[in-house]
Ligand SMILES: [Zn+2]
Ligand SMILES: [Zn+2]
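Right, dumping it as structure tokens:
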């Protein structure tokens, strides 16, 4: 039987996100305690270098999968980007997407419901807004329960890839929301490929029960 992999796809550490108090070593330990398969580092407009990730691995001795991504402060809102390592925040949204495409990456609007600028009956509008992207973050640790509930509602109906991420800025948040993968993920290329195939789902730990509660 193929096991699933649970990965927190949205994490900020204090090393590169001024708004975070999360120590990278504490992050690793907490993710291990929670039995996550791994996590993605998605600092604001900064991508950890491979060398920096290697150092964190050596310092902690962890076997977790650590993925390099970024949360781009795009004029169109925050966007999680994987598989493209350029600085993208000064680009208009369309140019950012072109750059991500050129490099074979994926772009996923983060916490699209956080600011409440959605209407419960506007799934068509949402689908149009998301059409340019590779999916969307349905579950986010900094959205309200109602917003996450709407995220799951939209994900179930739109038929596009959905992710979950804690958006952790402190250790207690780690793993609050996660993305469940059925394919093996060892690196960013695997991650991008699985998201492009839509082989991922937003989840929480003990997801069956908790997602049920969120959706009611
Ligand atoms: Zn954000
Ligand atoms: Zn974030």
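Numbering (this note's numbering), first residue to last: 397 to 612.
Where a beta carbon is used, it is the ideal one built from N, C-alpha and C, also for glycine.
> CA-CA distance, residue 417 and residue 569?
Replying inline: 11 angstroms
Notebook entry, point to check: Can we say the region 427-436 touches the region 397-411, given the rule of at least three CB pairs closer than 8 angstroms?
Noted result: yes
Is any heavy atom of ligand 1 found at a distance shorter than 7 angstroms from the C-beta of residue 470?
no
According to DSSP, is residue 608 part of a helix, a strand, or is it coil? Only weak support exists for where residue 608 lies, its pLDDT of 44 falling under 50; the coordinates are left without a value.
Inset, instruction - Give me whichever residues DSSP pairs with residue 504 in a beta bridge. - result: 476
For residue 560, the nearest candidate out of 497, 571, 501 (CA to CA): 571
By DSSP, does residue 534 sit in helix, in strand, or in coil? strand
Kindly provide the chain-ordered list of residues whose Cβ lies closer than 6 angstroms to any non-hydrogen atom of ligand 1.
-> 467, 474, 506, 507
What residues in its chain sit with their C-beta under 7 angstroms from that of residue 528, if we drop five residues either side in the sequence?
493, listed in sequence order.
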